[in-house]
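Visitor:
In our numbering, the protein residues as written are 16 to 313.
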């Protein structure tokens, strides 16, 4: 086992197996974000390969249809897309893929908080990006992956990881400072090394690396979005994690040309609405539900 304080890029690359393989579905979605038509066809083909996704999408579409067309039964993915919208389908595909990746890595109590935090930041990032005219899908992925380095650190050396969290809680220090005392590096750098090994796009790597210090990548909107989303998720009471960012970078706000006036009221409302609509879905995909299914033999 690598001793705390000596982790480097090669260590992370050699020990990628500590985490599940990165979802190929996310890679395919990322490859077509700039091509809406290809993205629609891709999403439908991905959904049709996954019976669980088919059921989720059709259930959502029929729940919408029953309010307007009670006699209508939707059984086709393209019809479902027109009924509930491409954005919602993409969000479901991304969240489902991320659920499979993030689940079963941490113990139940910690996994639940991590999952809730990842989903909250993901939703905030998506809606903030759309508000600022950037890619909501890329932001959703960045928000859900921003703390992935913490998963690796836990699987690598769980006692030291938990000691860092205790240090943060007891002494009131920032989580990245506590991690550096334990490991010599923090979760942002570990996460960036993982993203590099998965060959994720540069903006995603940088969002993971700089979300605590966005001023280090002041010209990159996705970094700013991810940072502000983590702050917003805490301010709006959506955050289930105790190591959240508590300061708001003025540089990040400037990068997005974001002003805190009445124009953001609608943004907060959309974040709340999407969070509410997705809460049940996220819970159904999260660690607690997985544990219930395992006990029930499902």
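Here a beta-carbon is modelled for each residue, glycine too, at the ideal position from N, C-alpha and C.
Every value quoted in this text rests on a predicted model; they were computed, and no experiment measured them.
Please classify residue 245: is it buried, with 16 or more other beta-carbons within 10 angstroms of its beta-carbon, or exposed?
Guide: If you number the chain shown from 1, residue 245 lands on position 230. Buried is the call here.
Visitor: Compute the Euclidean distance between the alpha carbons of residue 32 and residue 80, then round it to the nearest angstrom.
Guide: To locate residue 32, count along the chain shown from 1; it is residue 17. To locate residue 80, count along the chain shown from 1; it is residue 65. The straight-line gap from Cα to Cα measures roughly 43 angstroms.
Visitor: Should the region 150-168 be regarded as contacting the region 199-206, the criterion being three or more beta carbon pairs within less than 8 angstroms?
Guide: The region 150-168 is in contact with the region 199-206.
Visitor: Does DSSP put residue 22 in a helix, a strand or coil?
Guide: Within the chain shown, residue 22 is the residue found at index 7, counting from 1. In this structure, residue 22 counts as coil in the three-state DSSP scheme.
Visitor: Return yes when the Cβ of residue 142 is within less than 7 angstroms of the Cβ of residue 289, no when it is not.
Guide: In the chain shown, residue 289 corresponds to position 274, counting from 1. In the chain shown, residue 142 corresponds to position 127, counting from 1. Result yes, Cβ atoms of residue 289 and residue 142 sit closer than 7 angstroms.
Visitor: For the region 170-221, which segments carrying the alpha helix (DSSP H) assignment without a break, of at least 4 residues, lie completely within its bounds, in sequence order?
Guide: The qualifying runs are 173-186, 190-198, 202-212.
Visitor: Three-state secondary structure (DSSP) at residue 4?
Guide: Absent from the structure is residue 4, since the part of the chain shown begins at 16 and ends at 313.
Visitor: In three-state terms, what does DSSP make of residue 235?
Guide: As a position in the chain shown, residue 235 is number 220, starting the count at 1. In this structure, residue 235 counts as coil in the three-state DSSP scheme.
Visitor: Excluding the five sequence neighbours on either side, which residues of its own chain have a C-beta within less than 7 angstroms of the C-beta of residue 3, listed in chain order?
Guide: Nothing can be reported for residue 3: it is not among the residues displayed for the chain, which extend from 16 to 313.
Visitor: Quick check: residue 267 and residue 243, are their CB atoms within less than 7 angstroms of each other?
Guide: For the purposes of this step, residue 267 is identified with residue 252 of the chain shown, where counting begins at 1. For the purposes of this step, residue 243 is identified with residue 228 of the chain shown, where counting begins at 1. A contact, by the Cβ cut-off of 7 angstroms.
Visitor: Look up residue 56 in the DSSP assignment and say whether it is helix, strand or coil.
Guide: Residue numbering aside, residue 56 sits at position 41 when the chain shown is read from its first letter. Reduced to three states, the DSSP call for residue 56 is helix.
Visitor: Evaluate residue 130 with the Cβ neighbour count: other Cβ atoms within 10 Å of its Cβ, from every protein chain shown; 16 or more gives buried, anything less gives exposed.
Guide: Along the chain shown, read from residue 1 onward, the residue named residue 130 stands at position 115. The residue in question, residue 130, is buried, as its Cβ has 16 or more Cβ neighbours within 10 Å.
Visitor: Note down, in chain order, each residue of its chain lying with its Cβ closer than 7 angstroms to the Cβ of residue 4, except the 5 sequence neighbours on either side.
Guide: In this structure the chain extends from 16 to 313, so residue 4 is not present and cannot be described.
Visitor: Is it buried or exposed for residue 314, if we count other Cβ within 10 angstroms and need 16 for buried?
Guide: Lying outside 16 to 313, the shown extent of the chain, residue 314 is not represented and no answer is given.
Visitor: Residue 98 to residue 196, Cα distance in whole Å?
Guide: Stepping through the chain shown from its first residue, residue 98 is reached at position 83. Stepping through the chain shown from its first residue, residue 196 is reached at position 181. Answer to the nearest angstrom: the Cα atoms are 51 angstroms apart.
Visitor: Beta-carbon within less than 6 angstroms of residue 201's beta-carbon, same chain only, minus the 5 sequence neighbours each way: which residues are those?
Guide: In the chain shown, counting from the first residue as 1, residue 201 sits at position 186. Contacts found: 191, 194, 195.
Visitor: Beta-carbon separation of residue 270 and residue 249 under 7 angstroms?
Guide: Translated into positions along the chain shown, residue 270 becomes position 255. Translated into positions along the chain shown, residue 249 becomes position 234. Result no, Cβ atoms of residue 270 and residue 249 do not sit closer than 7 angstroms.
Visitor: Along the alpha helix (DSSP H) that carries residue 107, what are the first and last residues, could you check?
Guide: Walking along the chain shown from the start, residue 107 turns up at place 92. Note, residue 107: alpha helix (DSSP H), 101-117.
Visitor: Is it the case that the Cβ atoms of residue 251 and residue 157 are separated by a distance below 7 angstroms?
Guide: Mapped onto the chain shown, residue 251 falls at position 236. Mapped onto the chain shown, residue 157 falls at position 142. Not closer than 7 angstroms, so no.
Visitor: Please report the residue range of the alpha helix (DSSP H) in which residue 152 lies.
Guide: Taking the first residue of the chain shown as position 1, residue 152 is located at position 137. 151-160 is the span of the alpha helix (DSSP H), which, as asked, contains residue 152.
Visitor: Would you please state the rounded distance, in angstroms, between the beta carbons of residue 210 and residue 223? I believe it to be under 8 angstroms.
Guide: Mapped onto the chain shown, residue 210 falls at position 195. Mapped onto the chain shown, residue 223 falls at position 208. About 5 angstroms; that satisfies the 8 angstroms criterion.
Visitor: For residue 93, which of 113, 62, 109, 117 has the nearest alpha-carbon?
Guide: For the purposes of this step, residue 93 is taken as the residue at position 78 of the chain shown. Closest by alpha carbon: 62.
Visitor: Just mark residue 87 as buried or exposed, buried being the case when its beta carbon has 16 or more other beta carbons within 10 Å.
Guide: In the chain shown, counting from the first residue as 1, residue 87 sits at position 72. Label assigned to residue 87: exposed.
Visitor: With a threshold of 6 angstroms (Cβ to nearest heavy atom), would residue 236 be considered close to the ligand MN?
Guide: Of ligands this structure carries none, so the ligand MN is not represented either.
Visitor: Taking the Cβ atom as the reference point for each residue, do residue 68 and residue 104 lie within a distance shorter than 7 angstroms?
Guide: Working through the chain shown from its first residue, we reach residue 68 at position 53. Working through the chain shown from its first residue, we reach residue 104 at position 89. Cβ atoms of residue 68 and residue 104: not closer than 7 angstroms.
Visitor: Take residue 107 and list the residues in its own chain whose beta-carbon comes closer than 8 angstroms to its own, dropping the five residues that flank it on each side.
Guide: Position 92 of the chain shown holds residue 107. Taken in chain order, the residues that qualify are 68, 71, 72, 75, 296.
Visitor: Closest to residue 113 by CA distance: which of 282, 155, 187 is it?
Guide: Counting from one through the chain shown, the residue named residue 113 turns up at place 98. Comparing Cα-Cα distances from residue 113 to each of 282, 155, 187, the minimum goes to 155.
Visitor: Where do the ends of the alpha helix (DSSP H) carrying residue 82 lie?
Guide: Sequence index remark: in the chain shown, residue 82 carries index 67 (1-based). Segment 66-83, the alpha helix (DSSP H) holding residue 82.
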